Amino acid sequence: KVILPDDLAKKSVFMKNLHLAKKSVFMKNPHLAKKLVMSKLQNWSKLQNFAHDEIMQ
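Quick note on numbering: the sequence shown equals residues 1 to 57 in UniProt numbering.
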């Protein structure tokens, strides 16, 4: 996938505001923020397990 300048600009703004966004979400809804973080971690571990299984076969 080619990253277009517009995508790059959006990503740059997103990265700059990521900390603020996380803080904002956490302050507004800590339970939801925790859930989002946990689901991301679970998805990452599932991906790692899948990759490991693929390599072992």
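We put the CB at the ideal spot given by N, CA and C, even for glycine.
Predicted model, so just to flag it, every value in this text is computed and none were measured.
Please list the terminal residues of the continuous alpha helix (DSSP H) segment that includes residue i.
{"i": "ASN49", "result": "30–56"}
Distance check for residue j and residue i, CA to CA, integer angstroms please.
{"i": "ASP7", "j": "ASN17", "result": "15 Å"}
Measuring alpha carbon to alpha carbon, tell me which of the options ends up nearest residue i.
{"i": "ALA33", "options": "TRP44, ALA21, ASN43", "result": "ALA21"}
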